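Residue numbers (our numbering): -19 to 72.
Here's what the structure looks like:
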């Protein structure tokens, strides 16, 4: 489950926690956007049956998180800058 960004910032967790939560949020956002765009819908030619449609959301979530972890669309970076202005988004 996603941690609340305000609770992470208010408690004073290390800034890497803010980075991790921001990337999780971006992954969830991208998963919904990809689903809305039709990604993850089983193609008629695959023939994977009911199992393919049941597990498609897991694949979509994993792909979205991979995109977010690879730099995403910049949403996580904006969140990190907002909640930790002295912390660089690309620092380890």
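No residue lacks a Cβ here, since even glycine has one placed at the ideal position from N, Cα and C.
Note that this is a predicted model, so its numbers are computed, not measured.
For residue 51, the secondary structure class from DSSP, reduced to helix, strand or coil, is coil. Beta-carbon to beta-carbon, residue -1 and residue 60 are separated by about 6 Å, close enough to satisfy the 8 Å threshold. In the three-state reduction of the DSSP assignment, residue 19 falls in the coil class.
Residue 52 and residue 40 have their C-alpha atoms some 14 Å from each other.
Annotation for residue 45: 7 place their beta carbon closer than 7 Å to its own, counting only its chain and skipping 5 residues before and after. Proximity to residue 14 across 1, 32 and 42 peaks at 42, based on C-alpha coordinates.
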